[in-house]
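Following numbering that gives the first Met the number 0, the numbering of the sequence shown begins with 0 at its first residue and continues without gaps. We put the CB at the ideal spot given by N, CA and C, even for glycine. Quick caveat, the model's predicted, so the values are computed rather than measured.
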Amino acid sequence: MLQNVRMVRPNQRLHAQHALPAHPDASPTLPPVQRTGQLAGVASHFLQHDMAYGELALVCPTGTEPHHTLDWQSTQPVRLLRNVMRLTAPNPGFMTGPGTNSYLVGDAHTGFIAIDPGPADADHIQRLWRAALHPDGSGGNIQMIVCTHSHADHSPGAKPLQALCAPQPPILGLPSAPTARVASAFTPDRVLQNNELLTLIPRGLEADFTAGPPQGESTPFGGSAAHAVASVGANSTHTHTLQTIYTPGHAANHVCLLLVEDGLLFSGDHILNGSTTVIDPPDGHMGDYLQSLDTLLAASAQHDVQFILPAHGHVLGGSTAAARGVITHLKAHRLKREAKIAAVMAAHPLGTLDDWLPLAYDDVDSRVWPVAKRSLLAHVEHIHSLTPNNNNKAAAL
Ligand SMILES: [Zn+2]
């Protein structure tokens, strides 16, 4: 199943910087801010252009706390913010990179929204359940399950997770379109509306902060349940609001989610860190994808989004300008590729996709070409759609 092209292995391009080269985009009057994280137990330093920089900006805003580990965690959740945890599914691979990021948004007093439960991996689902703590330290405090889209590495875990919880939370998302592959067939319990707000509201301050863990049970963070409950108790008056944003393009039923109170964008597979989103027609559509980037740019400006949390890879961004830069760079990259493809097509007007592929993607590892061919088709369809009276050309490819 085509998901995302991985150009690199996990952690291969984290770009740990042990020297401090000048960053080409850095302001001439402001020195670059170095941030420090842990890789394989070793403190490593990162600058703005490094792939892990945005995550360190979110987790270690002072830039001086060297404790955050950037190694991928599949056995315990990583707390990214007081109300956001990430648990990466144990499904690393060529199409999934380090694995699918499942996110839990909320706290013990509001319950959690689970975003992208991932594949139907029993251990992963159990860990998600355990991480969603009730005030008494027990798990399964999940109010809603949202699937950004229905690819096999995102949505099959939704029903098993739902079945573990009592009461069972609804599975929300968009139904798969007729264009979806069979493995991506999906019907949510309730269809999300565009710009719908999903709000978690505190259920009171009656938590028993002296409660210990149930007999024989530890918390997913390795500490006592009482400590974990106390740590979320400080946030018990917070609400957490996710705004749904329709973003077709990678998949026809793709949605992104914007955490309004914190300026975070959960981008699903529409924006990735360390790899390029595959657009696989007919369910994938390049024109829709580009338009959805514009939609995300506008929503990010409206809500001062500073960080983008993708379904694969570390957190992106670090400021409103950095988050905006991620989106604008992504669109520019796509349009640059499309211009290259158009030039190849013009030079070889009688060519086929197989003729154009090695020319249009000569800067990409040939092992990626079979998958890149799907995005090539998406670009060719888009190019034809922009050319008057040529809308039927793509059908002949
Ligand atoms: Zn996908």
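Per DSSP, which one or two residues make a beta bridge with residue 100? Counting from 1 along the sequence shown, the entry for residue 100 is found at position 101. Residue 100 is bridged to 87.
Please report how far the alpha carbon of residue 150 lies from the alpha carbon of residue 387, in whole angstroms. If you number the sequence shown from 1, residue 150 lands on position 151. If you number the sequence shown from 1, residue 387 lands on position 388. About 33 Å.
Measuring only from the beta carbon, is residue 268 closer than 7 Å to any heavy atom that is part of ligand 1? Here residue 268 refers to the residue found at position 269 when the sequence shown is read from its first residue. Result yes, Cβ under 7 Å from ligand 1.
Assigned secondary structure, residue 360 (DSSP; H/G/I helix, E/B strand, else coil): Walking along the sequence shown from the start, residue 360 turns up at place 361. Looking at residue 360 - three-state DSSP - the assignment turns out to be coil, as it is neither helix nor strand.
Cβ-Cβ distance between residue 326 and residue 289 below 8 Å: Here residue 326 is taken as the residue at index 327 of the sequence shown, counted from 1. Here residue 289 is taken as the residue at index 290 of the sequence shown, counted from 1. Cβ distance not < 8 Å, so residue 326 and residue 289 don't count as in contact.
Once the 5 residues before and after residue 266 are set aside, which same chain residues still bring their CB inside 6 Å of it? Within the sequence shown, the letter at position 267 stands for residue 266. Closer than 6 Å at the Cβ level, and outside the excluded window around residue 266, lie 255, 307, 309.
Is residue 243 buried or exposed, if buried means 16 or more other CB atoms sit within 10 Å of its CB? Here the question's residue 243 lines up with position 244 in the sequence shown. The Cβ neighbour count for residue 243, taken over all protein chains shown within 10 Å, is at least 16; the residue is labelled buried.
Pairwise C-alpha distance: residue 292 and residue 246: For the purposes of this step, residue 246 is identified with residue 247 of the sequence shown, where counting begins at 1. For the purposes of this step, residue 292 is identified with residue 293 of the sequence shown, where counting begins at 1. The straight-line gap from Cα to Cα measures roughly 8 Å.
Reducing DSSP to helix, strand and coil, say where residue 15 ends up. Within the sequence shown, numbered from 1, the residue matching residue 15 stands at position 16. At residue 15 the pLDDT is 33, less than 50, meaning the model places this residue with poor confidence and gives no usable figure here.
Can you tell me whether residue 340 is buried or exposed, with buried defined as 16 or more other CB within 10 angstroms of its CB? Translated into positions along the sequence shown, residue 340 becomes position 341. It counts as buried.
Should the region 330–339 be called in touch with the region 377–385, which here means at least 3 C-beta pairs below 8 Å? The region 330–339 vs the region 377–385: in contact.
Enclosing alpha helix (DSSP H) for residue 163 [first to last residue]: The residue labelled residue 163 in the question sits at position 164 within the sequence shown. Per DSSP, residue 163 belongs to the alpha helix (DSSP H) from 157–163.
State the beta-bridge partners of residue 288 as determined by DSSP. The residue given as residue 288 occupies position 289 in the sequence shown. None; residue 288 has no bridge partner.
What's the call for residue 200, buried or exposed, on a 16-neighbour Cβ count within 10 Å? Counting from one through the sequence shown, the residue named residue 200 turns up at place 201. So residue 200 ends up on the exposed side.
Exposed or buried, what is residue 269 when buried is set at 16 or more other beta-carbons lying within 10 Å of its beta-carbon? Locating residue 269 in the sequence shown gives position 270, where the first residue counts as 1. Around the beta carbon of residue 269, a 10 Å sphere encloses 16 or more other beta carbons of the protein chains shown; the residue is thus reported as buried.
Check whether the Cβ of residue 400 sits closer than 7 Å to any heavy atom of ligand 1, and report yes or no. No information on residue 400 is available, as it lies outside the stretch 0 to 396 that the chain covers here.
Using the beta-carbon count (16 or more within 10 Å), is residue 365 buried or exposed? In the sequence shown, the residue the question calls residue 365 occupies position 366. The residue is exposed, with fewer than 16 neighbouring Cβ atoms inside 10 Å.
Is residue 48 near ligand 1, going by C-beta to nearest heavy atom under 7 Å? Along the sequence shown, read from residue 1 onward, the residue named residue 48 stands at position 49. For ligand 1, not one heavy atom lies less than 7 Å from the Cβ of residue 48.
Would you report the Cα separation of residue 146 and residue 318, rounded to the nearest angstrom? Residue numbering aside, residue 146 sits at position 147 when the sequence shown is read from its first letter. Residue numbering aside, residue 318 sits at position 319 when the sequence shown is read from its first letter. Near 26 Å, if we compare the C-alpha coordinates of residue 318 and residue 146.
Using only alpha-carbon positions, find the residue among 271, 272, 241, 120 that is nearest to residue 298. Along the sequence shown, one-based indexing puts residue 298 at 299. Distances from the CA of residue 298 to each of 271, 272, 241, 120 were compared; the closest alpha carbon is that of 241.
Under a three-way DSSP split, which group does residue 397 fall into? Nothing about residue 397 can be reported from this structure: the residues present for the chain run from 0 to 396 only.
Which listed residue (286, 328, 359) has its alpha carbon closest to that of residue 382: Indexing the sequence shown from 1 puts residue 382 at position 383. Minimum Cα-Cα distance from residue 382 among the listed residues 286, 328, 359 corresponds to 286.
Taking 6 Å as the limit between beta carbons, can you name the residues of its chain near residue 154, skipping five residues before and five after? On the sequence shown, position 155 is the one that residue 154 refers to. For residue 154, where only same-chain residues beyond five positions count, the Cβ hits under 6 Å are 146, 185.
Where the beta strand (DSSP E) through residue 179 begins and ends: In the sequence shown, residue 179 corresponds to position 180, counting from 1. If you look at residue 179, you'll find it isn't in any beta strand (DSSP E); DSSP assigns it neither H nor E.
Alpha helix (DSSP H) segment containing residue 336, residue limits: Reading the sequence shown from its first residue, position 337 is the one you call residue 336. Residue 336 -> alpha helix (DSSP H) spans 319–346.
Where the alpha helix (DSSP H) through residue 278 begins and ends: If you number the sequence shown from 1, residue 278 lands on position 279. No alpha helix (DSSP H) holds residue 278; DSSP gives it neither H nor E.
8 Å contact criterion, which residue 111 and residue 131 should meet: CB distance rounded: Working through the sequence shown from its first residue, we reach residue 111 at position 112. Working through the sequence shown from its first residue, we reach residue 131 at position 132. Yes, residue 111 and residue 131 are in contact; Cβ-Cβ is about 4 Å, under 8 Å.
Flag this pair as touching only if the region 162–169 and the region 135–145 have three or more C-beta atom pairs under 8 Å; answer yes or no. At 8 Å Cβ cutoff, the stretches touch.
Since residue 312 contacts residue 274 with CB under 8 Å, what's their CB separation in whole angstroms? Counting from 1 along the sequence shown, the entry for residue 312 is found at position 313. Counting from 1 along the sequence shown, the entry for residue 274 is found at position 275. About 7 Å; that satisfies the 8 Å criterion.
Is it the case that the CB of residue 284 approaches a heavy atom of ligand 1 more closely than 7 Å? Within the sequence shown, residue 284 is the residue found at index 285, counting from 1. Taking 7 Å as the cut-off, one finds no heavy atom of ligand 1 near enough to the beta carbon of residue 284.
DSSP-derived helix/strand/coil call for residue 137: As a first step, residue 137 must be located in the sequence shown, where it is residue number 138. If DSSP states are grouped into helix, strand and coil, residue 137 belongs with coil.
Would DSSP call residue 43 helix, strand or coil? Along the sequence shown, read from residue 1 onward, the residue named residue 43 stands at position 44. Correct three-state label for residue 43: strand.
Is residue 322 closer than 8 Å to residue 301 when the C-beta atoms are compared? Your numbering for residue 301 matches position 302 in the sequence shown. Your numbering for residue 322 matches position 323 in the sequence shown. Against a cut-off of 8 Å, the Cβ pair of residue 322 and residue 301 comes out as no contact.
Could you tell me which residues DSSP pairs with residue 265 in its beta bridges? Indexing the sequence shown from 1 puts residue 265 at position 266. DSSP lists 256, 308 as the bridge partner or partners of residue 265.
In whole angstroms, give me the CA-to-CA distance for residue 133 and residue 358. For the purposes of this step, residue 133 is identified with residue 134 of the sequence shown, where counting begins at 1. For the purposes of this step, residue 358 is identified with residue 359 of the sequence shown, where counting begins at 1. Answer to the nearest angstrom: the Cα atoms are 55 Å apart.
Limits of the beta strand (DSSP E) - the one that residue 34 falls within: The residue you call residue 34 lines up with position 35 of the sequence shown. Start and end: 34–38.
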